[in-house]
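*Asks:* Residue 62 is where the sequence shown starts when you use my numbering, and the numbers rise one by one after that.
Quick one: this structure, given as structure tokens, is what I'll be asking you about.
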Amino acid sequence: MSSKAIREYDAKLLLAYWLERAPPVDPSAQVKTKLVYPTPRVAQISWDPATNTITPENQLPGWVFTTKLVAKPDQLIKRRGKAGLLALNKTWEEAKEWIVQRAGKPQKVESVTGTLNNFIVEPFLPHPSDAEYYVCINSEREGDYILFTHEGGVDIGDVDAKALKLSLPVGEPFPSRQTIADTLLKHVPASKKETLVDFLIRLYSVYVDLHFAYLEINPLVVLDGVNGGEPTIHYLDMAAKLDQTAESICGPKWAIARDLSVYESGPQATTTKGKIIGADRGPPMVWPAPFGRDLTKEEAYIQKLDASTGASLKLTVLNPEGRIWTMVAGGGASVVYSDAIAAHGFAHELANYGEYSGAPSEGQTYEYAKTILDLMTRGKPRPDGKILIIGGGIANFTNVAATFKGIIRALKEYKAPLVAHQVKIYVRRGGPNYQEGLKAMRLLGESLGVPIKVYGPDTHITAIVPLALGVTSKPKNPIHSIAPTPVGPPSPKSSASCQNLAPEPSVGSIHADGERTQAQDQIVNFEDKTGKGSQPQRPWYRPFDAQTRSFVYGLQPRAIQGMLDFDYSCGRDTPSVAAMIYPFGGHHIQKFYWGTKETLLPVYTSVAEACKKHPDVDVVVNFASSRMQFGHAGSMANSDMETADAKNAAMRAAGFIVPDTFEDLPEVLKQTYERLVSNGTIKPQPEREPPVIPMDYKWAQELGLIRKPAAFISTISDERGQELLYAGMRISDVFKEDIGVGGVVSLLWFKRRLPPWATKFIEMVLMLTADHGPAVSGAMNTIVATRAGKDLISSLASGLLTIGSRFGGALDEAASMFSNARDTGLTPREFVDSCRKQNKLISGIGHKIKSVNNPDLRVELVKEYVHKHFPSHSLLDYALAVEKVTTSKKDTLILNVDGCIAVCFVDLLRDSGAFTPEEADEYIKIGTLNGLFVLGRSIGFIGHHLDQKRLRAPLYRHPADDIFINMADISQPRVLGKMQ
62 MSSKAIREYD AKLLLAYWLE RAPPVDPSAQ VKTKLVYPTP RVAQISWDPA
112 TNTITPENQL PGWVFTTKLV AKPDQLIKRR GKAGLLALNK TWEEAKEWIV
162 QRAGKPQKVE SVTGTLNNFI VEPFLPHPSD AEYYVCINSE REGDYILFTH
212 EGGVDIGDVD AKALKLSLPV GEPFPSRQTI ADTLLKHVPA SKKETLVDFL
262 IRLYSVYVDL HFAYLEINPL VVLDGVNGGE PTIHYLDMAA KLDQTAESIC
312 GPKWAIARDL SVYESGPQAT TTKGKIIGAD RGPPMVWPAP FGRDLTKEEA
362 YIQKLDASTG ASLKLTVLNP EGRIWTMVAG GGASVVYSDA IAAHGFAHEL
412 ANYGEYSGAP SEGQTYEYAK TILDLMTRGK PRPDGKILII GGGIANFTNV
462 AATFKGIIRA LKEYKAPLVA HQVKIYVRRG GPNYQEGLKA MRLLGESLGV
512 PIKVYGPDTH ITAIVPLALG VTSKPKNPIH SIAPTPVGPP SPKSSASCQN
562 LAPEPSVGSI HADGERTQAQ DQIVNFEDKT GKGSQPQRPW YRPFDAQTRS
612 FVYGLQPRAI QGMLDFDYSC GRDTPSVAAM IYPFGGHHIQ KFYWGTKETL
662 LPVYTSVAEA CKKHPDVDVV VNFASSRMQF GHAGSMANSD METADAKNAA
712 MRAAGFIVPD TFEDLPEVLK QTYERLVSNG TIKPQPEREP PVIPMDYKWA
762 QELGLIRKPA AFISTISDER GQELLYAGMR ISDVFKEDIG VGGVVSLLWF
812 KRRLPPWATK FIEMVLMLTA DHGPAVSGAM NTIVATRAGK DLISSLASGL
862 LTIGSRFGGA LDEAASMFSN ARDTGLTPRE FVDSCRKQNK LISGIGHKIK
912 SVNNPDLRVE LVKEYVHKHF PSHSLLDYAL AVEKVTTSKK DTLILNVDGC
962 IAVCFVDLLR DSGAFTPEEA DEYIKIGTLN GLFVLGRSIG FIGHHLDQKR
1012 LRAPLYRHPA DDIFINMADI SQPRVLGKMQ
């Protein structure tokens, strides 16, 4: 459970909506009276620091302006009345003035000072003092309990001493109405008892259904019924906590209660409609910081990052002027380092507390590191410098070198401030590829001019703390430098271990079950070793031994492989994982390694099915908890009982061996082990020589231990990093710089940015070639295929397959012919004459309809654009000179749109300055111009497909009278072969 306090405003909305709607906590928990549920009347007023204004009046409910009001801050402040933070029996104008005078101002409450920025107003309720009661529901390990007293209000005094208590243990039947009344309502007038019993039943039903962790109402006002009616209930002050880890279950229920359109209409009914659309009806629950603990801009930024990722990023600034800053991987490690710093007497210098974990990306790690570096390098440098501890435990799966990339990037960016503030950096980390990561850190220190000392897993996790702090006392744990771990041959097996190994079955040998060992058989079957049908013989209170088998709930192949590798290293006969349970994927099999061979583990969709197939399993490993509280650095002690000191004291009292600090743990473990050995509780066994576990191919490749030739090469795009790249350009920059479709084509086709006039020309070509009516072969094929019931892709492919030298493919050929003619020095007339002598048509010349006197407007548009924007258009000028020669013979032999586009594109390639002559010629040869036609015409083909589908056109059959059929006489008779 992660118990988090919520605002009084939200607590009252939850009760307002769910008190009448929540399912009963027990079938017997039914309302017996005509209970009058409280009317939901509560309004929230917030102060906006950007404008120094409070919530506008048009966003408040109408009753605010016609009712006498109570106004008070809503920021988890206790005893507001005694602190003078309560305005009673005020008109709206008076309440507004009272709020404005305090909004945005610092306010001291007891020993805490904070800024008042959130207020609550509700109707003022005159009532006699004897109508005030107190009720509180709380949760503890053994169950829930209800406290009730007939004397509520500001002067309630010691609740624990005077309140009556009803315990509701886990697993016990819900108490009867009589039990509730006899236990809690002894001093309540008889006329109100039944109403209060009903209210307490409904209150507890809401408490359970919405996963409250604490709910207090003081005072709870119960007024006598009017004209023989039922007594009415009103809750004035309220404090509540919810179990934040239940957000995945209760999030929609919490949200709908916060949808003000349920209670009001008009502008004040702020909902998700017309605004940001959320996952549920109503805004999600808000988890306010404790009073006096307003989030800084940097803390809010990290909190926003944390909410947008599955990883954990936490930051709390304790002392902005502090000398010691930490950047710790892992929530547990964050506690350990803070504990060690405090244990050495430097708690007053500890500047921050937080952690990054859960495999954040390089970009997220960079943002986290940059935020901390920015904070620690502000202000005037200290003469004694500052310390940055980059620490963490030994990672299981995380590539340490990869996670360090984001930190290294941030450190490089802050080189000058780090030097100016005399920052010394101490690094301790372990896990996969830690040697490369620490090596990169050490080399970074040499290039930055910032002292960076690095330590690996051989150094105790907190041993760098006294080094960083300059503590000269003898370290409690040895400090080791980083030892290289070269990849060498497997360790030789000892004779003792070899004697215990069973011989491998030879190829072709027949097993007892009739199976035959096949050559290169790599699958290990454990069914005959698991003892299916047998129950574990160990006592229930000792679930873990060498034969323990488990189910893993959730698909976690990486973690399971680690468990199987450990099993194999320990010499287990069978894997500790019997099966996986995954409700969403269907029953299937997954393959894992067992040493150098492989084994199969089943995946079931339910726990019942898995238990039926594997009765020997008695442990479940749950990877699907759906917890929302991720990272210990985000947790909070909400009471003295939840502090580390209280937990340590409770464990000592129960007989636990608890070291004073984490640094003492290795020595305490050593002493405990030696004591248990000396009294015979532990009998040391000979160490088993562990077999070498082969490294996974993918991991070995990532660590650079092996190399493999790439199957193919791609040089135009990359989606492996934080952001998709087009020819090295980030996709965000593609939109930021508005390069358009033409710019994207220039990046992906030519691997470079072309000037705006060139990219605009590409877009112009795509628009001009998009379609040419339904009668052309490509469009006709698309239409016929569509009317035959084919899908879009099939119909589009049918049309595209017609593109070639006779349809659409003239662009490449025209570009080649005109380029070669000019490059070889032929005059336009010599070019035309040479083609005539070869009986060869000039691609790009000629049109069925258009002529000199009836020009093609598409060609005119292209020529106009090129003459206006191209720096040079020599091949277009050459083609127009050729046109003069051809049209002198026939006026339809004009430069058509294909030819015009082709020669202009050659001018673009040769004269834009972006290509060498060799590159320009290569792009012409490899079909770039036909690519433009294919890309543009696909727009039209898709349009024809959608048009036919929209028209619901039937299957096309060509009319017979449009086909000339000629069945010529067969001059020779057919000869039939005979079988001999």
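We put the CB at the ideal spot given by N, CA and C, even for glycine.
Mind checking Leu366: buried by the 16 CB within 10 Å criterion, or exposed?
*Replies:* For the purposes of this step, residue 366 is identified with residue 305 of the sequence shown, where counting begins at 1. By the 10 Å Cβ count, Leu366 comes out buried.
*Asks:* How far does the alpha helix (DSSP H) with Val738 in it extend, from its first residue to its last?
*Replies:* As a position in the sequence shown, residue 738 is number 677, starting the count at 1. Where Val738 is concerned, the enclosing alpha helix (DSSP H) stretches over 726-739.
*Asks:* Could you tell me which uninterrupted alpha helix (DSSP H) segments, each at least 4 residues in length, are contained entirely in the region 155-210, listed from first to last along the chain?
*Replies:* Correct list: empty.
*Asks:* Looking at the structure shown, is Glu474 part of a helix, part of a strand, or coil, going by DSSP?
*Replies:* Here the question's residue 474 lines up with position 413 in the sequence shown. The answer is helix: DSSP assigns Glu474 an H, G or I state.
*Asks:* According to DSSP, is Pro130 part of a helix, a strand, or is it coil?
*Replies:* Position 69 of the sequence shown, counting from 1, holds the residue named residue 130. Correcting the residue identity first, residue 130 is Leu in this sequence and not Pro. In this structure, Leu130 counts as strand in the three-state DSSP scheme.
*Asks:* Distance, Cα to Cα, Ser904 vs Arg897?
*Replies:* Stepping through the sequence shown from its first residue, residue 904 is reached at position 843. Stepping through the sequence shown from its first residue, residue 897 is reached at position 836. Looking at the two C-alpha atoms, the distance is approximately 13 Å.
*Asks:* CA-CA distance, Lys143 and Gln136?
*Replies:* On the sequence shown, residue 143 is found 82 positions in, with the first residue counted as 1. On the sequence shown, residue 136 is found 75 positions in, with the first residue counted as 1. So the two alpha carbons sit approximately 15 Å from each other.
*Asks:* Should Lys139 and Phe180 be called a contact, given that it needs their Cβ atoms to be closer than 8 Å?
*Replies:* Translated into the one-based positions of the sequence shown, residue 139 becomes position 78. Translated into the one-based positions of the sequence shown, residue 180 becomes position 119. Not in contact: Lys139 and Phe180 (Cβ atoms no closer than 8 Å).
*Asks:* Count the other CB atoms, across all protein chains shown, that sit within 10 Å of the CB of Gly782; report buried if there are 16 or more and exposed otherwise.
*Replies:* As a working mapping, residue 782 is identified with position 721 in the sequence shown. Exposed, since its Cβ has fewer than 16 Cβ neighbours within 10 Å.
*Asks:* Which residues in the same chain as Gly646 place their Cβ atom closer than 8 Å to its Cβ, once the five residues preceding and following it in sequence are excluded?
*Replies:* Here residue 646 corresponds to residue number 585 of the sequence shown, with the count starting at 1. If we look at Gly646 and ignore the five residues flanking it on each side, its Cβ neighbours are Leu616, Val664, Thr666.
*Asks:* Quick check: Ile450 and Ala529, are their CB atoms within less than 8 Å of each other?
*Replies:* Along the sequence shown, one-based indexing puts residue 450 at 389. Along the sequence shown, one-based indexing puts residue 529 at 468. Against a cut-off of 8 Å, the Cβ pair of Ala529 and Ile450 comes out as a contact.
*Asks:* Tell me the residue span of the beta strand (DSSP E) that contains Trp386.
*Replies:* Within the sequence shown, residue 386 is the residue found at index 325, counting from 1. Start and end: 385-390.
*Asks:* What residue range does the alpha helix (DSSP H) around Trp818 cover?
*Replies:* By 1-based counting over the sequence shown, the position of residue 818 is 757. Taken as a continuous stretch (DSSP letters only), the alpha helix (DSSP H) holding Trp818 covers 817-829.
*Asks:* For His930, does the three-state DSSP call read helix, strand or coil?
*Replies:* The residue given as residue 930 occupies position 869 in the sequence shown. Helix, per DSSP.
*Asks:* Three or more beta-carbon pairs under 8 Å between the region 288-298 and the region 87-101, yes or no?
*Replies:* Result yes; three or more Cβ-Cβ pairs closer than 8 Å.
*Asks:* Buried or exposed: where does Asp779 fall if 16 or more other Cβ atoms within 10 Å of its Cβ makes it buried?
*Replies:* Taking the first residue of the sequence shown as position 1, residue 779 is located at position 718. Burial call: exposed.
*Asks:* Quick one, which of Glu507, Pro236, Gln762 has its alpha-carbon nearest Leu494's?
*Replies:* Start at 1 with the first residue of the sequence shown, and residue 494 comes out as number 433. Looking at the sequence shown, residue 494 is not Leu but Asn. Answer by Cα proximity: Gln762.
*Asks:* Around the Cβ of Phe465, are there at least 16 other Cβ atoms within 10 angstroms (buried) or fewer (exposed)?
*Replies:* Reading the sequence shown from its first residue, position 404 is the one you call residue 465. The residue in question, Phe465, is buried, as its Cβ has 16 or more Cβ neighbours within 10 Å.
*Asks:* Consider the Cβ of Leu80: report whether some Cβ of chain C lies at a distance smaller than 8 Å.
*Replies:* You won't find chain C in this structure, because it holds only one protein chain.
*Asks:* On a CA-only basis, which of Arg470, Leu808, Lys1010, Val269 is nearest Ala501? Give me that one, please.
*Replies:* Position 440 of the sequence shown holds residue 501. Ranking the options by Cα distance to Ala501, first place goes to Arg470.
*Asks:* Between the C-alpha atoms of Arg998 and Val967, what's the straight-line distance to the nearest angstrom?
*Replies:* Numbered from its first residue, the sequence shown carries residue 998 at position 937. Numbered from its first residue, the sequence shown carries residue 967 at position 906. The straight-line gap from Cα to Cα measures roughly 20 Å.
*Asks:* At the level of alpha carbons, what is the spacing between Phe1025 and Met841?
*Replies:* Here residue 1025 refers to the residue found at position 964 when the sequence shown is read from its first residue. Here residue 841 refers to the residue found at position 780 when the sequence shown is read from its first residue. Each residue's Cα considered, the two are about 20 Å apart.
*Asks:* What are the boundary residues of the alpha helix (DSSP H) that Trp108 is part of?
*Replies:* For the purposes of this step, residue 108 is identified with residue 47 of the sequence shown, where counting begins at 1. Looking at the DSSP string, Trp108 is not in any alpha helix (DSSP H); the run it does join, the beta strand (DSSP E), is 104-109.
*Asks:* Using C-beta distances below 8 Å, list every residue in its chain close to Leu379, excluding the 5 sequence neighbours before and after it, in chain order.
*Replies:* Translated into positions along the sequence shown, residue 379 becomes position 318. Excluding positions up to five away in sequence, the list reads Leu411, Ala412, Asn413, Tyr414.
*Asks:* In this structure, how does DSSP classify Trp655 when only helix, strand and coil are distinguished?
*Replies:* Sequence index remark: in the sequence shown, residue 655 carries index 594 (1-based). Trp655 falls in the strand class under three-state DSSP.
*Asks:* Counting Cβ pairs, one atom from each stretch, are 3 or more of them under 8 Å apart for the region 946-955 and the region 985-999?
*Replies:* The region 946-955, when compared against the region 985-999, does not touch it at the 8 Å Cβ threshold.
*Asks:* For Pro663, name the three-state secondary structure that DSSP assigns.
*Replies:* Position 602 of the sequence shown, counted from the start, is the residue given in the question as residue 663. Three-state DSSP puts Pro663 in a strand.
*Asks:* Compute the minimum distance between the beta carbon of Ile718 and the heavy atoms of the ligand NAP, and state whether it is under 7 Å.
*Replies:* The ligand content of the structure shown is nil, which means the ligand NAP is not present either.
*Asks:* How about Arg603 and Asp677: do their beta carbons lie closer than 8 Å?
*Replies:* Translated into the one-based positions of the sequence shown, residue 603 becomes position 542. Translated into the one-based positions of the sequence shown, residue 677 becomes position 616. Going by C-beta atoms, Arg603 is not nearer than 8 Å to Asp677.
*Asks:* Run through DSSP, which three-state label would Phe684 get?
*Replies:* Position 623 of the sequence shown, counting from 1, holds the residue named residue 684. Three-state result, Phe684: coil.
*Asks:* Flag this pair as touching only if the region 922-935 and the region 817-828 have three or more C-beta atom pairs under 8 Å; answer yes or no.
*Replies:* Contact holds: three or more Cβ-Cβ distances are below 8 Å.
*Asks:* CA-CA distance, Val738 and Glu748?
*Replies:* Here the question's residue 738 lines up with position 677 in the sequence shown. Here the question's residue 748 lines up with position 687 in the sequence shown. Roughly 16 Å separates the two Cα atoms.
*Asks:* My guess is that Phe235 and Ser89 are in contact by the Cβ rule of under 8 Å, so how many angstroms apart are they, rounded?
*Replies:* The residue you call residue 235 lines up with position 174 of the sequence shown. The residue you call residue 89 lines up with position 28 of the sequence shown. Right, the Cβ-Cβ distance comes to about 6 Å (below 8 Å), so this counts as a contact.
*Asks:* Compute the Euclidean distance between the alpha carbons of Glu921 and Leu829, then round it to the nearest angstrom.
*Replies:* The residue given as residue 921 occupies position 860 in the sequence shown. The residue given as residue 829 occupies position 768 in the sequence shown. Distance between the alpha carbons of Glu921 and Leu829: 12 Å.
*Asks:* How is Pro551 classed by DSSP in three states: helix, strand or coil?
*Replies:* Translated into the one-based positions of the sequence shown, residue 551 becomes position 490. With a pLDDT of 42 at Pro551, under the threshold of 50, the predicted position of this residue should be treated as unreliable, though the coordinate-derived value follows. Coil at Pro551, not helix or strand.
*Asks:* On the criterion of 16 or more Cβ atoms from any shown chain inside 10 Å, does Leu509 qualify as buried, or is it exposed?
*Replies:* Counted from its first residue, the sequence shown places residue 509 at position 448. It is buried - the Cβ of Leu509 has at least 16 other Cβ atoms within 10 Å.
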